[in-house]
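Number of protein chains: 4
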Amino acid sequence: MEFDKNVPIYIQIMDEIKHRIIAGALKAGDKVPSVRDLAEELKVNPNTIVRAYQELERERLTETKRGMGTFIRGEKELQGDKLKEEIGLSVAKAFIQKMHDAGIKDDEIVLFIKKAIDEEN
Amino acid sequence: MEFDKNVPIYIQIMDEIKHRIIAGALKAGDKVPSVRDLAEELKVNPNTIVRAYQELERERLTETKRGMGTFIRGEKELQGDKLKEEIGLSVAKAFIQKMHDAGIKDDEIVLFIKKAIDEEN
Amino acid sequence: MEFDKNVPIYIQIMDEIKHRIIAGALKAGDKVPSVRDLAEELKVNPNTIVRAYQELERERLTETKRGMGTFIRGEKELQGDKLKEEIGLSVAKAFIQKMHDAGIKDDEIVLFIKKAIDEEN
Amino acid sequence: MEFDKNVPIYIQIMDEIKHRIIAGALKAGDKVPSVRDLAEELKVNPNTIVRAYQELERERLTETKRGMGTFIRGEKELQGDKLKEEIGLSVAKAFIQKMHDAGIKDDEIVLFIKKAIDEEN
DNA sequence: GTGGTCTAGACCACA
DNA sequence: GTGGTCTAGACCACA
């Protein structure tokens, strides 16, 4: 995994875990890699993993059992889709807010989206 | 003006200037407020204004004429719309990148946008 | 039994044993459940039960007879009440210390107690 | 300041700040000592202070202004008393919960409080 | 000067 | 083995 140097690594690790949940690679009840293992895998200091896991816990996405590890929270099947829904909606809202701030109206937003998607391909 | 504490103030000031251009309050050739005036108006450290103006200059949106002040660049009429176009597109691209990262496909993106706009109202 | 994740499980198990003594379910001379049985009953790692029993022994609440098991100490009748008295007083003292630390005087403490009891109902 | 080795230092630092607010030594709007200054004063690693300040911010007791420092939040006069009220009530509730868990009834609680206060003197 | 992040690594309680 | 806390110290963005 490569890190974007403009974003704190612990945030990028949180995102990575979320992506794994959305992709279905991690389900509710699953054990997340141990701090040391993930630190080695990502070539990152264990403290940074600890930080990421603590923030995930604060977001109630994971649960830590003392001496046993960190686990994905929530009900088995729903977790991935619910998370995708939540993230998608909150990212979309922040985006719309930014566009409004720039003086761009709702119908123009859709045009920008289409153009941006076009240019990606 | 209130600042979002999660975003550097100098960025928010740059945005403020851009908004004024898009809104037509500042046009190409206009003189931007002096560092001292704007600092007082926004109740902000003058260094922060200096930083914002330097970044605007780096983006080639303004130009500084020695001893005369800082001015909006470009041709009179087009500046506002061109800026809106540029900002809209770059914000939209960043948004789409984030959605893809979260495992959301292009057609789902449109749905999220609609839902987000709905919930705003 | 559900565990509060902010308190070590072995402490919560010690408390559970104490509660059983206070409630009269365990009396002086009674044999405490075997490590294996209690581990199964509470769905907990047997090591954790061992730890809890060791601490209870250190507090001189239980005693282990080689090859026979672990037993509640003391004279038959008094044990429950004495324990309740001890726990009540030590918990109360710790509480008062905390309140003093927060700058709350003795007469205010009583008011807080009354309010807290009221709000519980 | 001496630290109780059973409680994380960052928690004890948070408590210290709260005490200063309750005592009126820190009021809303006041600047809290800088990370480095307090680290030196308390002979503690700066990271530990950072941690304490971040948690205080999460509790919405303080507010951080980038590059300027950390400040006590809230309205000027009320802060100290409100905080005292909040802490007092939450500590009292936790205490009553613990007493109930130990099989001690409300009217007995008051007796324990009195006895504990007596023995303190 | 101010707080934020990160590394390297120690020591600890807990299960 | 597992996560939690802490030190010592570097480097950074921001005001």
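Protein chains in written order, with the working numbering: chain H, 16 to 136; chain B, 16 to 136; chain L, 16 to 136; chain S, 16 to 136. Cβ coordinates follow ideal geometry from the N, Cα and C atoms, glycine included.
In whole angstroms, what is the alpha-carbon distance linking S:Ala14 and B:Val106? Since the first residue shown for chain S is 16 and the last is 136, residue 14 of chain S is missing from the structure and cannot be characterised.
Decide if the segment 108-119 of chain H is in contact with the segment 41-56 of chain S; the criterion is three or more beta carbon pairs, one per stretch, under 8 angstroms apart. With a cut-off of 8 angstroms, the segment 41-56 of chain S and the segment 108-119 of chain H do not count as touching, because too few Cβ pairs lie within range.
Which residues of chain H have a Cβ atom closer than 8 angstroms to the Cβ of L:Pro23, listed in chain order? Arg81
Are L:Lys108 and S:Ala38 close, meaning C-beta to C-beta below 7 angstroms? no
Which chain H residues sit within Cβ distance under 8 angstroms of B:Gly118? His34, Ile37, Ala38, Lys99
Could you round the C-beta distance between B:Gly95 and H:Phe127 to whole angstroms and report it? I think they count as a contact, below 8 angstroms. Contact doesn't hold; Cβ gap of about 16 angstroms is too wide.
Do you know how far the Cα of L:His34 is from the Cα of H:Thr63? 41 angstroms
Three-way DSSP call (helix, strand, coil) for H:Gly84 in this model: strand
Can you tell me which of the three DSSP states H:Lys58 falls into? H:Lys58: coil per DSSP, three-state reduction.
Going by DSSP, which residues form a beta bridge with H:Glu78? Answer by DSSP bridge pairing, in chain order: H:Phe86.
Between H:Asp52 and chain B, is any beta-carbon pair separated by less than 7 angstroms? no
Does chain S have any CB closer than 7 angstroms to the CB of L:Lys12? Chain L is shown from 16 up to 136; residue 12 of chain L falls before or after that span and cannot be answered.
Comparing the C-beta of L:Leu103 with each C-beta of chain S, is any distance below 7 angstroms? Inspection of the sequence shows that residue 103 of chain L is occupied by Gly rather than by Leu. Interface residue (Cβ-Cβ distance to chain S less than 7 angstroms): L:Gly103 is classified as such.
Per the DSSP calculation, B:Lys46 is bridged to which residue(s)? The partner list for B:Lys46 (beta bridge, DSSP) reads B:Phe86.
So what's L:Ala40 in DSSP terms, helix, strand or just coil? Three-state result, L:Ala40: coil.
Same chain, Cβ closer than 7 angstroms to H:Leu71, five either side skipped, listed in chain order: Met29, Ile32, Thr77
From this set, H:Ser49, H:Phe86, H:Ile124, which residue's C-alpha is nearest B:Glu101's C-alpha? In terms of CA proximity to B:Glu101, H:Ile124 leads the group H:Ser49, H:Phe86, H:Ile124.
Does S:Ile132 come within less than 7 angstroms of chain L when only Cβ atoms are used? yes
Using a cut-off of 8 angstroms between C-beta atoms, extract the partners of H:Val125 located in chain B. Among the residues of chain B, those whose CB is under 8 angstroms from the CB of H:Val125 are Val125, Ile128, following chain order.
Do you know offhand how far H:Met114's Cα is from H:Gly89's? 34 angstroms
Contact set between B:Ala43 and chain H, taken where Cβ atoms lie within less than 7 angstroms: Residues of chain H passing the Cβ test: none, with the nearest at roughly 17 angstroms.
May I have the straight-line CA-CA distance separating L:Arg81 from H:Lys42, to the nearest angstrom? 46 angstroms
For S:Ala107, would you say it is in contact with chain L, using Cβ-to-Cβ distances shorter than 7 angstroms as the test? Against chain L, the CB of S:Ala107 has a partner CB under 7 angstroms away; the residue lies at that interface.
Below 8 angstroms on the Cβ atoms is my contact criterion, and I expect S:Phe110 with L:Phe110 to pass it. Report the Cβ-Cβ distance as a whole number of Å. 4 angstroms
Return the chain-ordered list of same chain residues with a C-beta closer than 7 angstroms to the C-beta of S:Pro61, the five sequence neighbours on each side being excluded. Same-chain partners within the cutoff: Val50, Arg51, Ala54.
On the criterion of 16 or more Cβ atoms from any shown chain inside 10 Å, does L:Val142 qualify as buried, or is it exposed? The structure shown does not extend to residue 142 of chain L, since chain L is modelled only from 16 through 136, so no value can be given for it.
Could you check what DSSP says for L:Asp121 in three-state terms: helix, strand or coil? helix
Can you find the residues in the same chain that come closer than 7 angstroms, C-beta to C-beta, to B:Gln27, ignoring five residues on each side of it along the sequence? Excluding sequence neighbours, B:Gln27 sits near Phe18, Asp19.
Answer yes or no: does any C-beta atom of chain H fall closer than 7 angstroms to that of B:Ala121? Note that residue 121 of chain B is Asp in the sequence shown here, rather than Ala. Taking Cβ atoms only, chain H reaches closer than 7 angstroms to B:Asp121, which makes this a yes.
Does any C-beta atom of chain H lie closer than 7 angstroms to the C-beta of B:Met18? A small fix is needed here, since residue 18 of chain B is Phe in this sequence, not Met. Chain H contact via Cβ: absent.
Mind pulling the chain L residues with CB within less than 7 angstroms of S:Glu135? Ile111
Let me know the secondary structure DSSP gives B:Phe127 once reduced to three states. helix
State the DSSP-derived secondary structure class of B:Glu17, mapped to helix, strand or coil. coil
Local conformation of B:Val22 per DSSP, three classes: coil
For B:Lys129, is the classification buried or exposed, using 16 other Cβ atoms within 10 angstroms of its Cβ as the cut-off for buried? exposed
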